[in-house]
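Engineer: So the sequences go chain by chain: A and B. Start counting at 1 in the first sequence, then tack on 9, and there's your number in this note's numbering. Start counting at 1 in the second sequence, then tack on 147, and there's your number in this note's numbering. Mind having a look at this structure? Questions to follow.
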Amino acid sequence: MLRDITIGQYYAVESPIHRLDPRVKLAGTLLYIVSLFVAEGIICYLLAAVFLGLVVRLSKVPLKYMVRGLKSIVFLLLLSVSFNIFLTEGRVIFQVGFLRITVEGLVIAAFMAVRLILLILGSTLMTLTTTPNNLTDGLEKSLGFLNKIHVPVHDMAMMMSIALRFIPILIEETDKIMKAQMARGADFESGNIIKKAKAMVPLLVPLFVSAFRRASDLAMAMEARCYHGGEGRTKMKPLHYNGRDLMVYGILIVYLAVMIGLRIAMPV
Amino acid sequence: MSIKLEHVNYIYEPDTAFPVHATDDVSLEIHDGEFIALIGHTGSGKSTLIQHLNGLIHPTSGTIYYNGKNIADADFSMKELRSKVGLVFQYPEHQLFEMDVFTDVCFGPKNLGLSEEEIEQRAKDALEMVGLDESYYKQSPFELSGGQKRRVAIAGVLAMKPEVLILDEPTAGLDPKGRDEILDQVAWLHKNSHMTIILVSHSMEDVARYAQRLIVMNKGKVMFDATPVEVFRHYKELETMGLAAPQVTYIAHALKEHGLDINTDVTTVEEAKKEILRLWRQRTC
């Protein structure tokens, strides 16, 4: 059950997407998100979906694996969809009390759901195809200009990569503690919400203890290797753009341009 | 009272590019009162196998019977199974969470829905079994030493009064004294409370000393299932699986090669001593 969380995890295979410069992938994700908010009307969404589908195909990450990761946002998805269904003004087709469903509401909710799903899949794909180390390097380099105004870019990037690295570790740990407590008769599934929240205590306390222990171990290990922040730190594999990366930038810009063009050309 | 596994397969991450076949067609029967040791190198499927035994994970295919009842049946009580088959995980001290030792040990019996007195009695008994007296009851489990924490955690499982006790490397990371104490405690439980014990271990010496039956796993498969003496006769095959026989067995084999008429079935230092003394006496006569 917990293994289903795929957000923030790296999926290790060889693919053209995996080999791309992390900065390209970061920019690509950002552009893709922008394009989703620019999109309006069925053709735009279709284009966005096809584009993502192609990239997923190229990345060799099984779609099934990615879709499993969507389970964790089902609640959020349902919430926003139901808000849109019930709270949009327009032609009423169904009414119970103050709740009414309108044609416009259904349409907006459907687009909203598609937009959210594509958004999550798109950003999941970035972390699935980029190692946390690469991601940090990419972020650090692309945001390097902020250093001039004394934003601690390196520190923030390092924190982010550690946080990402810890997701699978903590998931595994949670799984283990959960099983250990289940072996002692703990029940995490039945009961009402209060009972369920109470049942979390035997899980959360050991999890926090272990997270703190791991964090302090990691800090010690980093200091033992003379880590003292970003100043004067050199890279073993500095990032360099090559031809393919530039080509992808080109494709991305064309994609966004087409999206904007479609939006303007097709009034809703 | 027995646990029976029939053709149990378990696959991790079946949908991804790297599925792991953790147990591969495992069939076993575990009888009452046995002291079984389970060995195999890291990743051989031991931990996966033992989690099947109290229903924490369900086999991808295959069936598990507890006292003749299929544990996958809808009317089978998981709660009862987990109270009868106690599982002590690796580094069990990581599961401690209560403010004091006594309350933590009470967690298991409390989940069984027992009466207040019964819960306290069981917790007391369990703590006594692992050799912790009343002075520990009100201490925070997080302030104890590693060995003591582990005893508290083991007591937490013993308080469920299991009939089968499974321990996954209970001595990992302990000093030799702490190790012997825990294993002697386990042996005592086996002898006096007639518990069935399944011990996962990496120490061939410990295995030879305590177990009556030895199950060897390799790449998810059961390779050997016999008495330690019989299994250790295959020491060459064990080596190809990243395992070995006890040191004294090697010494016995070396002595044999040197022309001594020694019984190479010795697996513990005690047995080796007797055997060597026997040869010595034969010579001097």
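Idealized CB from N, CA, C, for every residue including glycine. These numbers were taken from a predicted model, which means no experiment stands behind them.
I'd like to confirm something about A:M168: is its beta-carbon nearer than 6 Å to some heavy atom of the ligand GDP, or not?
Structural biologist: Inclusion of the ligand GDP in the displayed structure is not the case, the ligand content being empty and no account of it being possible.
Engineer: Any C-beta of chain A sitting closer than 7 Å to the C-beta of B:L426?
Structural biologist: In the second sequence, residue 426 of chain B corresponds to position 279, counting from 1. By this cut-off, B:L426 is not an interface position.
Engineer: For a test of the three-state rule: what should DSSP assign to A:S24, helix, strand or coil?
Structural biologist: As a position in the first sequence, residue 24 of chain A is number 15, starting the count at 1. Three-state DSSP puts A:S24 in coil, outside helix and strand.
Engineer: Which value, in whole angstroms, describes the spacing of the CA atoms of B:N258 and B:I266?
Structural biologist: Your numbering for residue 258 of chain B matches position 111 in the second sequence. Your numbering for residue 266 of chain B matches position 119 in the second sequence. Spanning the two alpha carbons is a distance of roughly 10 Å.
Engineer: What residue does the alpha helix (DSSP H) around A:Y19 start on, and which one ends it?
Structural biologist: The residue labelled residue 19 of chain A in the question sits at position 10 within the first sequence. Per DSSP, A:Y19 belongs to no alpha helix (DSSP H) and is neither H nor E.
Engineer: Could you say which of A:A21, A:V22, A:K34, A:Y20 lies nearest to A:M256 if we only look at CA atoms?
Structural biologist: Residue 256 of chain A sits at position 247 when you count from the first residue of the first sequence. The shortest C-alpha separation from A:M256 is found at A:K34.
Engineer: Can you tell me where the beta strand (DSSP E) with A:M229 in it begins and where it stops?
Structural biologist: Position 220 of the first sequence, counted from the first residue, corresponds to residue 229 of chain A. A:M229 -> not in any beta strand (DSSP E); alpha helix (DSSP H) instead, spanning 210 to 233.
Engineer: Do A:I186 and A:L212 have their CB atoms nearer than 7 Å?
Structural biologist: Locating residue 186 of chain A in the first sequence gives position 177, counting from the first residue. Locating residue 212 of chain A in the first sequence gives position 203, counting from the first residue. Cβ atoms of A:I186 and A:L212: closer than 7 Å.
Engineer: Taking B:K271 as the query, report the chain A residues whose CB atoms sit under 8 Å from its CB, ordered along the chain.
Structural biologist: The sequence position of residue 271 of chain B within the second sequence is 124, counting from 1. Those within 8 Å of B:K271 in chain A number zero; the least Cβ separation is about 17 Å.
Engineer: Does DSSP put B:S292 in a helix, in a strand, or in coil?
Structural biologist: In the second sequence, residue 292 of chain B corresponds to position 145, counting from 1. Note: B:S292 maps to coil in three-state DSSP.
Engineer: Measuring CB to CB, does A:S44 end up less than 7 Å from A:L265?
Structural biologist: For this step, residue 44 of chain A is matched to residue 35 along the first sequence. For this step, residue 265 of chain A is matched to residue 256 along the first sequence. Cβ atoms of A:S44 and A:L265: closer than 7 Å.
Engineer: Taking the Cβ atom as the reference point for each residue, do B:H241 and B:G389 lie within a distance shorter than 7 Å?
Structural biologist: Here residue 241 of chain B corresponds to residue number 94 of the second sequence, with the count starting at 1. Here residue 389 of chain B corresponds to residue number 242 of the second sequence, with the count starting at 1. No. Outside cutoff.
Engineer: Who are the Cβ neighbours of A:G99 in its own chain at under 7 Å, not counting the five residues just before and after it?
Structural biologist: By 1-based counting over the first sequence, the position of residue 99 of chain A is 90. So the list reads T111, V112, E113, G114, once near-sequence residues are dropped.
Engineer: Is there contact between the stretch 313 to 320 of chain B and the stretch 346 to 354 of chain B, where contact requires at least three CB pairs shorter than 8 Å?
Structural biologist: Contact holds: three or more Cβ-Cβ distances are below 8 Å.
Engineer: Are there three or more Cβ pairs, one per stretch, closer than 8 Å when the stretch 179 to 186 of chain B is compared with the stretch 352 to 362 of chain B?
Structural biologist: Yes: the two stretches touch, three or more of their Cβ pairs being nearer than 8 Å.
Engineer: Is it right to say B:N201 is buried, meaning 16 or more other beta carbons lie within 10 angstroms of its own, or is it exposed?
Structural biologist: As a working mapping, residue 201 of chain B is identified with position 54 in the second sequence. Label assigned to B:N201: buried.
Engineer: Taking beta-carbon pairs under 8 Å, can you tell me which members of the stretch 188 to 203 of chain A lie near chain B?
Structural biologist: Cβ contacts with chain B: K188, A189, Q190, M191, A192, R193, G194, A195, D196.
Engineer: Give me the residue from B:D179, B:N156, B:F254, B:L152 with the minimum Cα distance to B:S340.
Structural biologist: Indexing the second sequence from 1 puts residue 340 of chain B at position 193. Of B:D179, B:N156, B:F254, B:L152, the residue nearest in Cα terms is B:D179.
Engineer: Go through its chain and collect everything with a Cβ distance to B:S208's Cβ below 6 Å, but skip five positions before and after it.
Structural biologist: By 1-based counting over the second sequence, the position of residue 208 of chain B is 61. Closer than 6 Å at Cβ, skipping near neighbours: N156.
Engineer: When you compare the CB of A:P25 with every CB in chain B, is at least one pair closer than 7 Å?
Structural biologist: Counting from 1 along the first sequence, the entry for residue 25 of chain A is found at position 16. Taking Cβ atoms only, chain B never reaches closer than 7 Å to A:P25, which makes this a no.
Engineer: Counting only beta-carbon atoms, is B:G190 nearer than 7 Å to chain A?
Structural biologist: Taking the second sequence and counting its residues from 1, one reaches residue 190 of chain B at position 43. So no, B:G190 is outside the interface.
Engineer: In chain order, what residues of the stretch 299 to 324 of chain B put their CB closer than 8 Å to some CB of chain A?
Structural biologist: Going along the stretch 299 to 324 of chain B in chain order, one finds G303, V304, M307 with a Cβ nearer than 8 Å to chain A.
Engineer: Can you grab the Cα-Cα spacing for the pair B:I218 / A:C235, in whole Å?
Structural biologist: Locating residue 218 of chain B in the second sequence gives position 71, counting from the first residue. Locating residue 235 of chain A in the first sequence gives position 226, counting from the first residue. Approximately 54 Å between the Cα atoms of the pair.
Engineer: For B:N156, which of helix, strand or coil comes out of DSSP?
Structural biologist: Taking the first residue of the second sequence as 1, we reach residue 156 of chain B at position 9. Looking at B:N156 - three-state DSSP - the assignment turns out to be strand.
Engineer: How long is the line joining the alpha carbons of B:A334 and A:A233, rounded to whole angstroms?
Structural biologist: Your numbering for residue 334 of chain B matches position 187 in the second sequence. Your numbering for residue 233 of chain A matches position 224 in the first sequence. Roughly 42 Å between the two C-alpha positions.
Engineer: Can you give the Cα-Cα distance for A:M191 and B:P309, rounded to whole angstroms?
Structural biologist: To locate residue 191 of chain A, count along the first sequence from 1; it is residue 182. To locate residue 309 of chain B, count along the second sequence from 1; it is residue 162. Each residue's alpha carbon lies about 14 Å from the other.
Engineer: Tell me whether A:L29 sits in a helix, a strand or coil according to DSSP, three-state version.
Structural biologist: The sequence position of residue 29 of chain A within the first sequence is 20, counting from 1. Residue state, collapsed to three classes: coil.
Engineer: Would you kindly report the start and end of the unbroken alpha helix (DSSP H) that includes A:L91?
Structural biologist: Along the first sequence, one-based indexing puts residue 91 of chain A at 82. The question names Leu, yet the displayed sequence has Ser at residue 91 of chain A. Element bounds for A:S91: 83 to 96.
Engineer: Would the stretch 25 to 34 of chain A count as touching the stretch 146 to 160 of chain A if we require 3 or more Cβ pairs under 8 Å?
Structural biologist: Yes, since at least three Cβ pairs between the stretch 25 to 34 of chain A and the stretch 146 to 160 of chain A fall closer than 8 Å, the two stretches touch.
Engineer: Apply the 10 Å Cβ neighbour rule to B:I197 and answer buried if 16 or more other Cβ atoms are within range, or exposed otherwise.
Structural biologist: Translated into the one-based positions of the second sequence, residue 197 of chain B becomes position 50. Answer is buried; the Cβ neighbour count reaches 16.
Engineer: Over what stretch of residues does the alpha helix (DSSP H) that includes B:D372 continue unbroken?
Structural biologist: One-based indexing of the second sequence puts residue 372 of chain B at position 225. Not the alpha helix (DSSP H): B:D372 falls in the beta strand (DSSP E), residues 368 to 373.
Engineer: Starting from the Cα of B:V416, find the closest Cα among B:H199, B:E227, B:R356 and give me that residue.
Structural biologist: As a working mapping, residue 416 of chain B is identified with position 269 in the second sequence. That would be B:R356, whose Cα lies nearest to the Cα of B:V416.
Engineer: At the 7 Å Cβ level, is A:V214 part of the contact set with chain B, yes or no?
Structural biologist: The count along the first sequence starts at 1 and reaches residue 214 of chain A at position 205. Chain B contact via Cβ: present.
Engineer: For the stretch 199 to 211 of chain A and the stretch 263 to 278 of chain B, state whether three or more C-beta atom pairs, one from each stretch, are separated by less than 8 Å.
Structural biologist: No: fewer than three Cβ pairs fall under 8 Å.
Engineer: Buried or exposed: which applies to A:L250, given that a residue is buried once 16 or more other Cβ atoms fall within 10 Å of its Cβ?
Structural biologist: For the purposes of this step, residue 250 of chain A is identified with residue 241 of the first sequence, where counting begins at 1. According to the sequence provided, residue 250 of chain A is Tyr. The question's Leu does not apply to it. By the 10 Å Cβ count, A:Y250 comes out exposed.
Engineer: Express the C-alpha separation of B:T343 and B:G233 in angstroms, rounding to a whole number.
Structural biologist: Position 86 of the second sequence, counted from the first residue, corresponds to residue 233 of chain B. Position 196 of the second sequence, counted from the first residue, corresponds to residue 343 of chain B. Approximately 10 Å, taken between the alpha carbons.
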